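Participant:
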Amino acid sequence: MTDSLRKSARTLLTCADDFAMMKQSVDSLYQLFNSITQVSAFNLNEDKDIMLPSGKAISIAAAAHCLLEMKRTAVFLRGIHKAIQQKLNGDKKRPVHILYAGTGPYGTLVVPLLPLFSPEEINVDLLDINQASLKALQTLIKTLGLESYIGETYCTDATTFVVEKDYDIAISETMLACLKNEPQVAVMQNLIPQLPPKAIFIPEEISIDAALTNPKMEQDRLLYYEGEHPPFRRIALGNVFTVNKQNLDTAQMQKTIEIPDEKAFPILKLFTTVKVFGNELLSENDSSITLPKTFYDLRQQLANKIKFWYEQGKKPHISSQIYTSIFSN
Ligand SMILES: C[S@@+](CC[C@H](N)C(=O)[O-])C[C@H]1O[C@@H](n2cnc3c(N)ncnc32)[C@H](O)[C@@H]1O
448 MTDSLRKSAR TLLTCADDFA MMKQSVDSLY QLFNSITQVS AFNLNEDKDI MLPSGKAISI
508 AAAAHCLLEM KRTAVFLRGI HKAIQQKLNG DKKRPVHILY AGTGPYGTLV VPLLPLFSPE
568 EINVDLLDIN QASLKALQTL IKTLGLESYI GETYCTDATT FVVEKDYDIA ISETMLACLK
628 NEPQVAVMQN LIPQLPPKAI FIPEEISIDA ALTNPKMEQD RLLYYEGEHP PFRRIALGNV
688 FTVNKQNLDT AQMQKTIEIP DEKAFPILKL FTTVKVFGNE LLSENDSSIT LPKTFYDLRQ
748 QLANKIKFWY EQGKKPHISS QIYTSIFSN
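Here the working numbering is used: the first residue of the sequence shown is 448, the next is one more, and so on.
#1: If you follow the beta strand (DSSP E) that residue 684 is part of, which residue opens it and which one closes it?
#2: Apart from the five residues on each side of it in sequence, which residues of its chain come closer than 6 Å, Cβ to Cβ, to residue 668?
#3: Could you give the uninterrupted runs of the beta strand (DSSP E) lying entirely in the region 525-574, keeping only those of 3 residues or more?
#4: Using C-beta distances below 8 Å, list every residue in its chain close to residue 628, excluding the 5 sequence neighbours before and after it, in chain order.
#5: Below 6 Å, is the gap between the Cβ of residue 616 and the nearest heavy atom of ligand 1?
#6: Ligand 2 and residue 620: does any heavy atom of the ligand fall closer than 6 Å to the residue's C-beta?
#7: Distance, Cα to Cα, residue 412 vs residue 602?
#8: From which residue to which residue does the alpha helix (DSSP H) around residue 473 run?
#9: Taking the alpha carbon of residue 709 as the point to measure from, which residue in 756, 681, 718 and 560 has its own alpha carbon closest?
#10: Going straight from the alpha carbon of residue 747 to that of residue 772, what length do you get?
#11: Check whether the region 524-534 and the region 483-499 touch, using three or more Cβ-Cβ pairs below 8 Å as the test.
#12: Tell me the DSSP secondary structure of residue 608 in three-state form.
#13: Opposite residue 498 in the DSSP bridges: which residues?
#14: Count the other CB atoms within 10 Å of the CB of residue 685; is the residue buried (16 or more) or exposed (fewer)?
#15: By a C-beta neighbour count over all protein chains shown, 10 Å radius and 16 as the cutoff for buried, is residue 558 buried or exposed?
#16: Is residue 631 buried or exposed, if buried means 16 or more other CB atoms sit within 10 Å of its CB?
#17: Evaluate residue 687 with the Cβ neighbour count: other Cβ atoms within 10 Å of its Cβ, from every protein chain shown; 16 or more gives buried, anything less gives exposed.
#18: Using 6 Å as the cut-off, classify the Cβ of residue 427 as near or not near the heavy atoms of ligand 1, replying yes or no.
#19: In terms of residue numbering, what span does the beta strand (DSSP E) encompassing residue 766 cover?
#20: Within the region 618-683, note down every full beta strand (DSSP E) run reaching 3 residues or more, in order along the chain.
#21: Which same chain residues, not among the five before or five after residue 646, have their C-beta less than 7 Å away from its C-beta?
#22: So, does the region 582-590 touch the region 720-732, judging by three or more C-beta pairs under 8 Å?
#23: Which one of 653, 703, 552 and 693 has the shortest CA to CA distance from residue 644?
#24: In terms of residues, what are the limits of the alpha helix (DSSP H) holding residue 589?
#25: Have a look at 595, 730, 759 and 505 and flag the residue whose alpha-carbon is nearest the alpha-carbon of residue 695.
#26: Can you grab the Cα-Cα spacing for the pair residue 776 / residue 677, in whole Å?
#27: Enumerate in chain order the residues of its own chain whose CB-to-CB distance from residue 529 is below 6 Å, with the five nearest sequence positions on each side excluded.
#28: From this set, 497, 737 and 464, which residue's C-alpha is nearest residue 650's C-alpha?
#29: Would you identify the three-state DSSP class for residue 775, choosing helix, strand or coil?
#30: In the structure shown, what three-state DSSP assignment does residue 753 receive?
#31: Are the CB atoms of residue 750 and residue 706 within a distance shorter than 7 Å?
#32: For residue 704, which three-state DSSP category applies?
#33: Could you tell me which residues DSSP pairs with residue 758 in its beta bridges?
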């Protein structure tokens with residue numbers, strides 16, 4: 448079983464954008480994880496989300512389902528693999544201590560990598576708010592004979608968790624596109640300041656950019672053309688929100704953007720980019736967490752300026768205020 452795990456992990460690390468290979472590997476991981484844990488990724492109506500003061504912790508089935516988002520899984524595994532290698536090559540201190548916050552039932556972003564290292568090289572603490580997820584993950588780890596890689600297991604909220612170790616790497620993917628509804632930002636705000644300055648947090652950065660778009664051009668772009676592609680253009684408006692190690696005080700982050708008078712580009716969309724680690728990026732349409740979102744239709748109401756900020760709480764989201772000049776036509 449660990450041979451199959453190792454093989455899938457190696458393929459996902461090296462298959463670049465070969466989607467057939469990516470799919471085969473995540474399918475084979477899913478079969479293995481599902482058969483051991485009995486957790487299905489498709490019981491989406493039966494399972495309950497957990498509502499936290501900082502956002503929604505998605506249900507066990509939805510968390511299992513994340514594995515099947517093949518490019519997301521591949522790019523995170525590549526980034527985490529590189530971060531572990533960088534720590535192993537740099538600091539000679541062994542093992543590399545990892546905190547994995549928001550494991551889900553399969554520990555998707557770490558479990559496939561374990562057989563590529565030795566227990567002397569990496570040691571992982573697991574954390575999730577969902578007891579059932581942790582129970583399934585413990586069964587998985589035991590059945591795969593990977594217990595020697597695992598340190599502590601915490602069933603708690605990552606947004607209030609008090610860190611008691613000097614972790615080298617902390618990982619958490621608890622987000623949707625535009626950082627909506629889930630507590631990713633609150634998790635980063637709690638964990639990052641408690642880590643040693645040299646620690647790597649994964650993902651390293653999440654940014655949201657705005658652009659004006661033309662509906663026909665956006666649609667045509669997704670169609671197949673044998674010959675020349677139809678023209679495609681967007682009007683970039685700049686960054687509206689970025690969160691990373693240096694930039695955690697979201698209360699201070701407000702961006703006001705001037706809206707140019709471009710009648711052919713009436714739809715303002717927000718584009719999420721996730722910099723996992725180094726050059727491992729997820730951008731537009733690579734995954735559900737980086738799907739472009741329509742934010743504002745200038746045909747409904749004109750706007751000269753829009754102020755954006757990030758609102759936290761039970762339903763985190765990008766919020767905005769529209770400024771319209773009475774002189775515009
Ligand atoms: C999007 S799933 C990701 C699962 C898996 N890590 C992956 O990437 O495939 C998020 C997981 O984080 C957990 N989670 C969300 N918010 C949390 C919080 N504040 N504290 C602890 N766990 C949380 C959820 O229960 C869920 O298992």
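Glycine is no exception: its CB is placed at the ideal position from the N, C-alpha and C atoms. Model, not experiment: these values are computed from the prediction.
Facilitator: On the basis of the data shown:
#1: Taking the sequence shown and counting its residues from 1, the one referred to as residue 684 is at position 237. Boundaries of the beta strand (DSSP E) harbouring residue 684: 682-691, taken from the DSSP string.
#2: Looking up residue 668 in the sequence shown gives position 221. Within the same chain, residue 668 has close Cβ partners 679.
#3: Listed in chain order, the complete beta strand (DSSP E) runs (minimum 3 residues) inside the region 525-574 are 543-548.
#4: The residue labelled residue 628 in the question sits at position 181 within the sequence shown. Counting only Cβ-Cβ distances below 8 Å, and skipping sequence neighbours, we find 502, 503, 762, 763 and 764.
#5: For the purposes of this step, residue 616 is taken as residue 169 along the sequence shown, with counting starting at 1. Result no, Cβ not under 6 Å from ligand 1.
#6: Among the ligands present in this structure, namely ligand 1, ligand 2 is not found.
#7: The displayed coordinates of the chain run from 448 to 776. Any statement about residue 412 would go beyond what the structure contains.
#8: In the sequence shown, residue 473 corresponds to position 26, counting from 1. Residues 466-484.
#9: The residue you call residue 709 lines up with position 262 of the sequence shown. Selected option, being the one with the closest Cα: 681.
#10: The residue labelled residue 747 in the question sits at position 300 within the sequence shown. The residue labelled residue 772 in the question sits at position 325 within the sequence shown. CA-CA distance, residue 747 to residue 772, rounds to 15 Å.
#11: By the C-beta criterion, the region 524-534 is judged not to be in contact with the region 483-499, since fewer than 3 inter-stretch pairs fall below 8 Å.
#12: On the sequence shown, residue 608 is found 161 positions in, with the first residue counted as 1. In the three-state reduction of the DSSP assignment, residue 608 falls in the coil class.
#13: By one-based count along the sequence shown, residue 498 stands at place 51. Per DSSP, 503.
#14: Stepping through the sequence shown from its first residue, residue 685 is reached at position 238. By the 16-neighbour rule on beta-carbons within 10 angstroms, residue 685 is exposed.
#15: In the sequence shown, the residue the question calls residue 558 occupies position 111. Flag for residue 558 reads buried.
#16: To locate residue 631, count along the sequence shown from 1; it is residue 184. The residue in question, residue 631, is buried, as its Cβ has 16 or more Cβ neighbours within 10 Å.
#17: Along the sequence shown, one-based indexing puts residue 687 at 240. Buried, by the Cβ-count rule.
#18: For residue 427 there is no data in the structure shown, the boundaries of the chain being 448 and 776.
#19: Stepping through the sequence shown from its first residue, residue 766 is reached at position 319. Start and end: 764-770.
#20: Counting only runs of at least 3 residues, the region 618-683 fully encloses the following beta strand (DSSP E) elements, listed from N- to C-terminal order: 647-649 and 652-660.
#21: The residue you call residue 646 lines up with position 199 of the sequence shown. Cβ within range, chain order: 614, 615, 616 and 617.
#22: Contact fails: fewer than three Cβ-Cβ distances are below 8 Å.
#23: Looking up residue 644 in the sequence shown gives position 197. When only C-alpha atoms are compared, the closest one is 693.
#24: In the sequence shown, residue 589 corresponds to position 142, counting from 1. Residue 589 -> alpha helix (DSSP H) spans 578-590.
#25: Position 248 of the sequence shown, counted from the start, is the residue given in the question as residue 695. With distances taken between CA atoms, residue 695 lies nearest to 759 out of 595, 730, 759 and 505.
#26: Taking the first residue of the sequence shown as position 1, residue 776 is located at position 329. Taking the first residue of the sequence shown as position 1, residue 677 is located at position 230. Any reading at residue 776 is ruled out, since the residue's pLDDT is 44, under 50, leaving its predicted position unreliable.
#27: Counting from 1 along the sequence shown, the entry for residue 529 is found at position 82. So the list reads 724 and 725, once near-sequence residues are dropped.
#28: Start at 1 with the first residue of the sequence shown, and residue 650 comes out as number 203. Taking each of 497, 737 and 464 in turn and checking the Cα distance to residue 650, the smallest one comes out for 737.
#29: For the purposes of this step, residue 775 is identified with residue 328 of the sequence shown, where counting begins at 1. In this predicted model, residue 775 has a pLDDT of only 49, less than 50, meaning its place in the structure is not dependable enough to derive any value.
#30: As a working mapping, residue 753 is identified with position 306 in the sequence shown. Note: residue 753 maps to strand in three-state DSSP.
#31: Position 259 of the sequence shown, counted from the first residue, corresponds to residue 706. Position 303 of the sequence shown, counted from the first residue, corresponds to residue 750. It is a contact, given that the beta carbons lie within the stated cut-off.
#32: Taking the sequence shown and counting its residues from 1, the one referred to as residue 704 is at position 257. Here residue 704 carries a strand assignment [DSSP, helix/strand/coil].
#33: For the purposes of this step, residue 758 is taken as residue 311 along the sequence shown, with counting starting at 1. For residue 758, the pairing in a beta bridge is given by DSSP as 764.
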